[in-house]
Structure formats: structure tokens, C-alpha cells
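**Student:** The structure is given below, and queries will be raised subsequently.
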Amino acid sequence: MMRNVFLWMLMLLAVPTTSCSKKYMYPDYDGNEKKDSTATPPADTGDVRKTAVRDLVLIYGGGADGAQAWTKAAFYPYVSYENNGAWDWMFDGFLFLELKDGNGHAYTTGHAPEPALKEHWEQLLTKYFRKGYAFSALNDCIADVIVKTGHPSRKRKVIVGIPEPMKAATQWGEIDGKMLDFSKDADRITACKWFIDQVKEKFTAAAYPNIELEGFYWIAEEVENTAPIIASIGDHLKKGKSTFLWIPWWKSPGYDNYKPYGFSDVYLQPNYFFSDDVPYSRLQEACDEAGKYHINLEVEFDERVLGGKGQKLYDYLEVFQQNKVYETRKLAYYQSENTILKLFQSSNTADKDLYKRLCEIIVKRQKETAPAYMEK
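Going by mature numbering (1 follows the signal peptide of the UniProt record, and there is no 0), the letters in the sequence shown line up with residues -21 to -1, 1 to 355, in that order.
So this is what it looks like as C-alpha cells:
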């Protein structure tokens, strides 16, 4: 799959490791649609639980060492927007995901030399449930905002990324005394179900009053390596009344035929932000694809918008407005590690204006009563 190892290493060093674009995860990506992979066994696609989240922000490194420390203070600009003394609610959904552990182990293809094993999956769980960070910090931040503005009309939702069970992990770890071998699809499914059940059990035990575990996210942005197992995981989540979200890169196989995989909600990445080679027209095409296949969209940006360089983000906001996306689609927001926090903290006038524009869009969407797109 790799053109050559040297090119791959250069690309990993040159771009943010939290990039949502497949170009940065898989260096042979050419921007063209690939042949779809078959989901086996087919999932029962009826009566899946759809997400109740309107605006879903991606939170990378939930307390991971060396990454953004997601404390209560860090969450404030994601939870609420303060404008001239008035407080409004911001994101109603928070997707916690991780790509690597910082010690050479990847939670999804292309982000570290070795696949994460059971011990690394367990370390991720420990960090997510660490008191004062991640879930706990988000819950506490919401509690503080409730004091200022009252309870939100809807409890804030948490989505958790499921690590990709990579086939190279032939001795992943033991469950019920059996060593799992990820070269076998059945063992990959077993591990994912174990992770899901661990998250649910720990979340229930934590009894956070201000956040609700709504569902899970398939972290692999393409189905090439995982197609045979996804539907079984989707069935498991459906039986547990959990949502199952996916955010594929631009025209990733399965984006236009996602139901057999068991996904409840799909958000298409336009991948316009990341490369100057992608034309402005991509945003219109993304809106058209979303309408054609009844899927959602992702807003994409990173720290390159700072210092008054946010035109590409404005492009997303303007084209989405022209296409009435804000009135018709659920949205996910890729912001690299903590770009919204940096915009909030910035003293640059252009950064403040960009932050205000983004917040005003989200706040307006949050205030709308029963938008039609939430009934789908």
C-alpha cells in the first residue's frame, strides 16, 4: 500500500498527526473514489438509533500524555459561548478519540509503527475516566455553566472512538483466558465488543450527572481493512441501543452505502482545508453528495487558521450557508487538537472574529426547536 517507507515517514513528520484527511493517513491516497468493500455478515439495518447530536466536536487526546490536557478550563469554549455577559450553549456532542499512545503504538492505521495492544486500549480507558480530565472535566465544566445560564434543553452527549483492531496484533492480549489474534476476524470483533462494554460499564459507574454516553465511533476512516467485522460491531451496538458514527474521508468506499455496515450516522469529510490542490468547488460537491446520499458533513480546520489565516474555514462556513446545510444537516467539527481553544485564547482581532462567527452558527443551531433534520 505504501509507495515507499521514506515518503511515508516524511509525510508523518510534516503534517499534524490528528489530521482527519486520508491523504495524511495513507500516502497513496489520490483523492479518487476506490472500489467498495463488502460488509460481511450484513447487519440488520432496521431501527438503528440515530444520534441526537446536532453539533459534534472531535476531541483528540483525552488526557493523553504530551497532548492537550482536557481539563475543566480547557472545555469552556467548547461548552459555552459568552458574548457581552450573555452565556449560550455550544456543542451538544463530544467525540473522544485517539490515534496513538505517544510510545509507538497506533490506535488506527498509519499513526505509529506498532498496533496498540490490550494494555494500550486499557491505558486509553484509564485516561478517559481519570478524575479531573476528559469525561470528568467535561461534566464539571457543564456544571459550572449551568450555574450561569441554567440547564441546557438537552443533556450533552459523549461519543467514544473504538480503536481499530489491526491485523498485525497477533498477540493482542487475553479476554476470558484466551489470547486474541487479530489476524482472525472473530477475535477482532471480540476485542471491540469488550472495549464497548468496558466503556459502558465504567461510564455507568461514574454516574456523571451532566453528560450521557450516547454511542461509539468507528475510527478507521476507510473500510478497506475492517469491512468484514464492522457490521457485527454495528449489530452489537444496535442491541445495546447505542449510536454508531463514522466520518469517512472524501468519497471513501462505503460513504454512499453505509447502512450494510451498521452505521447510524455518517459525516462526509470534504477534505478541502488540508491541501491547496483541492479546488474551492469541492465544498459545493460535498454539499451535493450529502444531499444525494442523505448523509451529514464535517467542518474541517486546524491551527493554520490562527493569525488571521482563516479564509479556508470561512469558505466552509459560507458555502454551507449558501446550501442551507445549517438547516438540513448534522455537523461534525474537526479542529485538530485544540484549535477552538486557541482561537478563544487569541488576542488577534481576526482570530476573535473567526471564533465569533463559528460560535454564532453553532449557538443558533442549538437554539432551534426540533429542526427537521433531527427527525431523520
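We treat Cβ as the ideally placed atom computed from N, Cα and C, and that holds for glycine.
#1: Does the Cβ-Cβ distance between R133 and D71 come in under 8 angstroms?
#2: Helix, strand or coil for W173, going by three-state DSSP, please let me know.
#3: Can you find the residues in the same chain that come closer than 7 angstroms, C-beta to C-beta, to A116, ignoring five residues on each side of it along the sequence?
#4: To the nearest whole angstrom, what separates the beta carbons of Y259 and R308, a pair I think is in contact under 8 angstroms?
#5: Assuming Y39 is part of the beta strand (DSSP E), what are its boundary residues?
#6: Let me make sure I understand the geometry here. Which of T169, D123, P142 has the alpha-carbon closest to that of E153?
#7: Buried or exposed, going by whether 16 or more other CB atoms sit within 10 Å of the CB of A265?
#8: Looking only at C-alpha atoms, which of D176, T105, S231 sits nearest to G219?
#9: Hey, would you say N63 sits closer than 8 angstroms to R135, going by beta carbons?
#10: For a test of the three-state rule: what should DSSP assign to F161, helix, strand or coil?
#11: I'd like the list of long-range same chain contacts for residue 356, defined as Cβ closer than 8 angstroms, with 5 residues on each side in sequence excluded.
#12: Helix, strand or coil for G152, going by three-state DSSP, please let me know.
#13: Return the first residue and the last residue of the alpha helix (DSSP H) that Y312 is part of.
#14: Kindly indicate which three-state DSSP category H215 falls into: helix, strand or coil?
#15: Under a three-way DSSP split, which group does T30 fall into?
#16: Between K163 and the rest of its own chain, which residues show a CB-CB distance below 7 angstroms, the 5 nearest in sequence each way excluded?
#17: So, for W66: in the same chain, excluding its five sequence neighbours on each side, which residues have a beta-carbon less than 7 angstroms away from its beta-carbon?
#18: Per DSSP, W197 forms a beta bridge with which residues?
#19: For the candidate residues K321, Y240, C171, V32, whose alpha-carbon lies nearest to that of K346?
#20: Tell me, please, whether the region 211 to 227 touches the region 279 to 295 by the rule of three or more beta-carbon pairs shorter than 8 angstroms.
#21: Is it buried or exposed, T222, if we count other Cβ atoms within 10 angstroms and call 16 or more buried?
#22: Could you give the distance in angstroms between the alpha-carbon of S231 and the alpha-carbon of G89?
#23: Would you call N302 buried or exposed, if buried means 16 or more other Cβ atoms sit within 10 Å of its Cβ?
#24: Verify whether the separation of the beta carbon atoms of N275 and Y293 is less than 8 angstroms.
#25: Quick check: what's the CA-CA separation for M145 versus H130?
#26: How would you write the range of the alpha helix (DSSP H) that Y60 sits in, first residue to last?
#27: Give a yes or no on whether the C-beta atoms belonging to G140 and I198 are separated by under 8 angstroms.
#28: Whose CA, out of N317, T205, A206, I226, lies closest to the CA of F195?
#29: So, is M158 buried or exposed, given that buried needs 16 or more other C-beta atoms within 10 angstroms?
**Tutor:** In this structure, then:
#1: In this structure, R133 lies near D71, with their beta-carbon atoms less than 8 angstroms apart.
#2: Helix.
#3: W49, T50, K51, F54, listed in sequence order.
#4: Cβ atoms of Y259 and R308 stay farther apart than 8 angstroms, at about 20 angstroms.
#5: Membership of Y39 in the beta strand (DSSP E) is indicated by the continuous run 34 to 39.
#6: Nearest of T169, D123, P142 to E153, Cα basis: T169.
#7: By the neighbour-count definition (other C-beta atoms within 10 Å, threshold 16), A265 is a buried residue.
#8: Distance from the Cα of G219 is smallest, within the candidate group D176, T105, S231, for D176.
#9: No, they are not a contact pair.
#10: Correct three-state label for F161: coil.
#11: The chain is shown from -21 up to 355; residue 356 falls before or after that span and cannot be answered.
#12: Strand at G152.
#13: Counting along the chain, Y312 falls outside any alpha helix (DSSP H), though it belongs to the beta strand (DSSP E) covering 310 to 313.
#14: Three-state result, H215: helix.
#15: T30 sits in coil when the DSSP states are folded into three classes, being neither helix nor strand.
#16: Excluding sequence neighbours, K163 sits near nothing in its chain.
#17: Cβ within range, chain order: S59, V124, K127, T128.
#18: I141, W225.
#19: Among K321, Y240, C171, V32, the Cα nearest to that of K346 belongs to V32.
#20: At 8 angstroms Cβ cutoff, the stretches do not touch.
#21: It is buried - the Cβ of T222 has at least 16 other Cβ atoms within 10 Å.
#22: If you take the alpha carbons of S231 and G89, they lie about 16 angstroms apart.
#23: Taking every protein chain shown into account, the CB of N302 has 16 or more other CB atoms within 10 angstroms, so this residue is buried.
#24: Not a contact, by the Cβ cut-off of 8 angstroms.
#25: Just so you know, the alpha carbons of M145 and H130 end up roughly 42 angstroms apart.
#26: That residue, Y60, is in no alpha helix (DSSP H); its beta strand (DSSP E) goes 59 to 62.
#27: Taking 8 angstroms as the Cβ cut-off, G140 and I198 qualify as a contacting pair.
#28: The option with the nearest alpha carbon to F195 is I226.
#29: So M158 counts as exposed.
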